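So the structure is just underneath, and the comments pick up after that.
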Amino acid sequence: MLVSGAKFTKMTGNFGCIHEPLLNIPLTRVIPDELHLLLRITDKLLKNIIDEVLERDAVENFVKTRGQPKGIYLTRLVKAINDLGISFSVWNKKNADGSESQVKEFTSLVGSQKKNLLSGLPSRLHQFLCPNTSATVKQLWVDFGHLYDKISDFNLTNTSAHDIFLDANGLDLTFLFSTRYSPRV
4 MLVSGAKFTK
14 MTGNFGCIHE
24 PLLNIPLTRV
34 IPDELHLLLR
44 ITDKLLKNII
54 DEVLERDAVE
64 NFVKTRGQPK
74 GIYLTRLVKA
84 INDLGISFSV
94 WNKKNADGSE
104 SQVKEFTSLV
114 GSQKKNLLSG
124 LPSRLHQFLC
134 PNTSATVKQL
144 WVDFGHLYDK
154 ISDFNLTNTS
164 AHDIFLDANG
174 LDLTFLFSTR
184 YSPRV
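Under our numbering, read the sequence shown as residues 4 to 188, first letter to last.
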């Protein structure tokens, strides 16, 4: 369920900002564009998938013996995205001294790649996500994909705008406000 601007202000007090805003514009006067909604939400959706896949790999890698392939679910995720025609990879971030850290980074995608990802990835999620979360995550991706299609429709009417509002309120986007995704493994 979407959180209203006034309610979100009372919840966090900072809207995710680091610095004080230059202009104090009330959230009721801000209209986010469809591209930035796509970028922001798909970033979170993809980050949550990567986190779950890494967690699943860590659990399974722990019981594997030397010589057995490790990180198979991350490999499957990267392959699934690459099979959509999107160049994508995940790597360990470098520390200031040049050594590898355990923090993962991944390829930043542009709008057209994210649209392709949004339409093509949900049907492949079962290949690498945990069986008990796969259906829920797929439904989030599919629901957001339908909502995005409605938002980006050039023939938007007042009636359909109201329908979009109702659909958005029904969509569970609570993961956008969390700082850590904790998959159920």
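Ideal Cβ positions, reconstructed from N, Cα and C, are used throughout, including at glycine.
Computed from a predicted structure; not experimentally measured.
Residue burial classification, residue i (beta-carbon count within 10 angstroms, cutoff 16)
i: P35; result: exposed
i: I44; result: buried
i: W94; result: exposed
i: P125; result: buried
i: E103; result: exposed
i: D86; result: exposed
i: V192; result: Since the first and last residues shown for the chain are 4 and 188, residue 192 lies out of range.
i: D156; result: exposed
i: T139; result: exposed
i: I84; result: buried
i: V106; result: exposed
i: I154; result: buried
Boundaries of the beta strand (DSSP E) in which residue i is found, first to last residue
i: F91; result: No beta strand (DSSP E) contains F91, which DSSP labels as neither H nor E.
i: R67; result: According to the sequence shown, residue 67 is Lys rather than Arg. From DSSP, K67 is part of no beta strand (DSSP E); its letter is neither H nor E.
i: S104; result: 103 to 109
Minimum C-alpha distance to residue i - residue among the options
i: G114; options: Y151, S102, Q71, K96; result: Y151
i: K117; options: G88, K107, T136; result: G88
i: K141; options: F109, L112, L174, Q105; result: L174
i: L42; options: E108, L120, D146; result: L120
i: L48; options: C20, I21, G148, D166; result: G148
i: L143; options: A99, H165, E108, S122; result: S122
i: V81; options: N64, E37, I52, E23; result: I52
i: D46; options: A99, D60, I21, F109; result: F109
Where the alpha helix (DSSP H) containing residue i begins and where it ends
i: G123; result: 114 to 123
i: L174; result: Per DSSP, L174 belongs to no alpha helix (DSSP H) and is neither H nor E.
i: S137; result: 134 to 154
- request: Would you check if the region 39 to 58 and the region 166 to 174 touch, i.e. whether three or more CB-CB distances between them fall below 8 Å?
  value: no
query: If we count Cβ pairs, one from each stretch, closer than 8 Å, do we get three or more for the region 66 to 82 versus the region 129 to 137?
result: yes
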